[in-house]
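Last residue of the sequence shown? That's 754 in the numbering used here, and every number before it is there in order.
A short worksheet on the structure shown next.
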Amino acid sequence: MEEVSKDSETLLVPPPLLERRVRRRQPTVSVLKSKLKRGVSCSVPRVRSTLTGFFPVVRWLPKYKLREYIWGDVMSGMIVGIILVPQAIAYCLLAGVEPIYGLYTSFYANIIYFLMGTSRHVSVGIFSLMSLMVGQVVDREVYLAGFDLNEDSTPSSHDFLNGTLGTNFSDGKVHSVELMGVECSKECYAISVAAAITFLAGVYQIIMAVLRLGFVSVYLSAPMLDGFAAGASFTILTVQAKYLLGLKIPRHQGYGTVVVTWINIFANIHKTNLCDLITSAICISILVAGKEIQDRYKDRLKIPLPTELVVVAGATLASHFGELNKHYSTSVSGHIPTGFIAPQVPSFSLMPRIAVDAIPLAVISFAFTVSLSEMFAKKNGYTVRPNQEMLAIGLCNIIPSFFHCFTTSAAMAKTMVKDSTGCQTQVSSLISALVVLFVLLFFAPFFYALQKCVLACIIIVSLRGALRKFKDIPAKWRESQIDTVVWLVAMSATALISVELGLLVGIIFSLGCIIFKTQKPKVSLLGRVNDADFYEDLEEYEHLMPPQRVQIFRFQAPLYYANKDSFLKSLYKAVGVEPFLEMAKRRKAEKKAKEMHAKQAKGNGEKNNGDVTVGLVQRELEFHTIVLDCSAIPFIDSAGMATFKGLIKEYKEIGVNVLLACCNTSLIDTLQKGQFFGKNDKDMSSLLFYTVHAAVLHANSVNETAGSRSEDSVV
């Protein structure tokens, strides 16, 4: 008897209430005034803080530990510079511009990031994906300007410089267009388009940095980015395949580049240049062998093998002394002048036509830079500032665009090389820039005889990492089917439609998958863990006891307009009682009872004048309360709150109470603003509970009290 009385006492004791803190918000006007005052105030510490924030090099360079850092920075800088030179020349094939501009881009980007970057290890410069996206825009605009994409002539030094300066001194009929008041040849027009789109991409990134829109990158999920990179890699391979065979096929304009290009390749396969084919086979074999040796013995090799430089040097010597261009008509890089070209303002007349094309360039460039900087910062135990990274990469595009450069980004492969070769600070980027400068001043003309097929081999072999991810599809599928589908959709759209639309399709599809997850979330009924005050999923765990005559329902998603119907259907299915159907059954039973009463009255000879009423027939349910475990509901909107209100009303009509448990504070605030708990929250203590166990105790207490009252009334 004493134990029973103790249990009843515990049931009647109300759960402890938590008291919310009172947060007083300052008036909006005063907040704006204080921010404005801080923003316009000027002082020496503020100027120093702004300077060191804008140029992080001012902060860390005076603290540079010369003896400790210099060897690693010099080694990594020289190695990355050696790797960078052939890649800078090669990626110009993707960008559709002359090789000299790749060297310019690498030089300026490294200098600017050295001054403004917050990452110690990121290598900023030419990136294959950025080069491809720039090249597609360049080829489109060159084609629309009336230039012949089929021409593959190698200009002389005089013609090249004339085209660069915007003047055409050729005696023959050479097509040119007027740009910024001067006649511009094909090469001049191509770099003008590349510089203009680079300037716009940098402006977009600066605007994003000023408005602190770095959160945009969170919508680029890792599976989507990986799929996009894989699709772009396949596109790059396709675009470069013609150089391996020595075919002079113009890059396809429009959608379906991969399909159309391969059709054109097979249609012209009989025109294959055997010299280019043999050179490509030899170069790919050497490059792949070097990469495999590097991967297999990376623990023993202190520095990466300069395979690209060896291949470029050997192929250049073979092409020069063998006169391959003269005897076999192989395509060569052509004259690369030494020194720098005078700066020029990007063409503003081109910008309206390419303004939309610059948006994906800006977003992808920023996303790769920030993700790489954060990844290597976490690995090496320091922090980076994403907003400053966006500012740095924006200026790495804006300033070089005045010096005939194209869009840059952080590059994964070169960043990994810097990290593995002992890089300590961005002084290594300065060393890499000096290596490129040395080539620009002295060795650039020596690459004249370098075959384009060799450059294509360097590009294709550099895609090994991205293309290898196709082998990981079965493992990805086992890990997450939705992420694998996102990867496949982004990859297919990028490869089969276009790079820009592939990015858009990937973003929309990945967001759609998130919405789909919220519309079809996991739902479960909960049971009690032995005698503890802890409740978990009955389907996932064994030895759980469901509470008597109480159903505990958990919905693991936000409740909003898009999934409120799914919430209701899953709840009705889980508890086994739908209020509308239950009411319909009871009305049907009531009608049947009336008919039976009428028949009995008629059989007994009683007169039925229609005044006899029959109460709504009650059906004993298996439960008297539903507890909604809201611990996995991060937020609700007005539609979700209306759903809660409707549930309480509908189940109350059939004698079932609905209680809420484990609501977070934002959820409680939303319910209070919508007067879910009545005027002045008068029903809050009877509807809202901080734990599931407290809600179950309250439900049983109320039911026992109601039962005792009904027994007393019967007596």
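Built from N, CA and C at the ideal position, the CB exists for glycine as well.
C-alpha gap between residue i and residue j, whole angstroms
i: residue 145; j: residue 59; result: 57 Å
i: residue 765; j: residue 730; result: It is not possible to answer for residue 765, since the shown part of the chain is limited to 40 through 754.
i: residue 701; j: residue 725; result: 14 Å
i: residue 488; j: residue 359; result: 5 Å
i: residue 518; j: residue 512; result: 10 Å
i: residue 456; j: residue 595; result: 43 Å
i: residue 737; j: residue 451; result: 58 Å
i: residue 742; j: residue 602; result: 32 Å
i: residue 314; j: residue 140; result: 27 Å
i: residue 718; j: residue 727; result: 15 Å
i: residue 366; j: residue 484; result: 21 Å
i: residue 436; j: residue 666; result: 57 Å
i: residue 825; j: residue 515; result: This structure cannot speak to residue 825, because the chain is shown only from 40 to 754.
i: residue 352; j: residue 482; result: 11 Å
i: residue 179; j: residue 292; result: 6 Å
i: residue 623; j: residue 690; result: 13 Å
i: residue 744; j: residue 633; result: 32 Å
i: residue 581; j: residue 606; result: 25 Å
i: residue 344; j: residue 159; result: 23 Å
i: residue 123; j: residue 392; result: 32 Å
i: residue 119; j: residue 478; result: 14 Å
i: residue 173; j: residue 229; result: 10 Å
i: residue 496; j: residue 330; result: 13 Å
i: residue 225; j: residue 177; result: 10 Å
i: residue 218; j: residue 294; result: 28 Å
i: residue 468; j: residue 417; result: 20 Å
i: residue 89; j: residue 156; result: 15 Å
i: residue 739; j: residue 732; result: 11 Å
i: residue 257; j: residue 610; result: 32 Å
i: residue 284; j: residue 302; result: 14 Å
i: residue 430; j: residue 114; result: 28 Å
i: residue 472; j: residue 142; result: 9 Å
i: residue 476; j: residue 247; result: 32 Å
i: residue 193; j: residue 380; result: Residue placement at residue 193 is flagged as unreliable, the pLDDT there being 42, under the threshold of 50; a coordinate-derived value is accordingly withheld.
i: residue 507; j: residue 274; result: 15 Å
i: residue 699; j: residue 626; result: 29 Å
CB contact flag (residue i, residue j, <9 Å)
i: residue 186; j: residue 390; result: no
i: residue 454; j: residue 162; result: yes
i: residue 568; j: residue 583; result: yes
i: residue 755; j: residue 126; result: Lying outside 40 to 754, the shown extent of the chain, residue 755 is not represented and no answer is given.
i: residue 37; j: residue 168; result: There is simply no residue 37 to check, as the chain begins at 40 and stops at 754 in what is shown.
i: residue 244; j: residue 433; result: yes
i: residue 129; j: residue 494; result: yes
i: residue 462; j: residue 116; result: yes
i: residue 498; j: residue 252; result: no
i: residue 486; j: residue 138; result: yes
i: residue 524; j: residue 544; result: no
i: residue 616; j: residue 663; result: no
i: residue 357; j: residue 412; result: no
i: residue 440; j: residue 376; result: no
i: residue 577; j: residue 585; result: yes
i: residue 280; j: residue 304; result: yes
i: residue 94; j: residue 188; result: no
i: residue 693; j: residue 618; result: yes
i: residue 445; j: residue 68; result: no
Bridge partner(s) assigned by DSSP for residue i
i: residue 568; result: 583
i: residue 180; result: Answer is none; residue 180 lacks a bridge partner.
i: residue 696; result: 664
i: residue 164; result: 448
i: residue 593; result: 563 and 668
i: residue 325; result: None, per the DSSP bridge assignment.
i: residue 576; result: 565
i: residue 133; result: According to DSSP, residue 133 bridges with nothing at all.
i: residue 223; result: 216
Contact between the segment 379-396 and the segment 298-308 is defined here as three or more beta-carbon pairs at a separation below 8 Å; is this criterion met? no
Quick check: the segment 261-275 against the segment 419-427, are at least 3 beta-carbon pairs closer than 8 Å? no
Pick out the complete alpha helix (DSSP H) segments inside the segment 266-315, 4 residues or longer, and give them in chain order. 296-306
Do the segment 708-722 and the segment 678-698 make contact, defined as three or more Cβ pairs closer than 8 Å? yes
Whether or not the segment 98-110 and the segment 407-421 are in contact is what I'm after, with contact meaning three or more pairs of Cβ atoms, one per stretch, closer than 8 Å; do they touch? no
Sufficient close CB pairs (3 or more, under 8 Å) joining the segment 266-281 to the segment 524-541: yes
Please list the segments of the alpha helix (DSSP H) lying wholly inside the segment 481-563, counting only runs of 4 or more residues, in order along the chain. 491-500, 503-506, 512-518, 520-535 and 538-558
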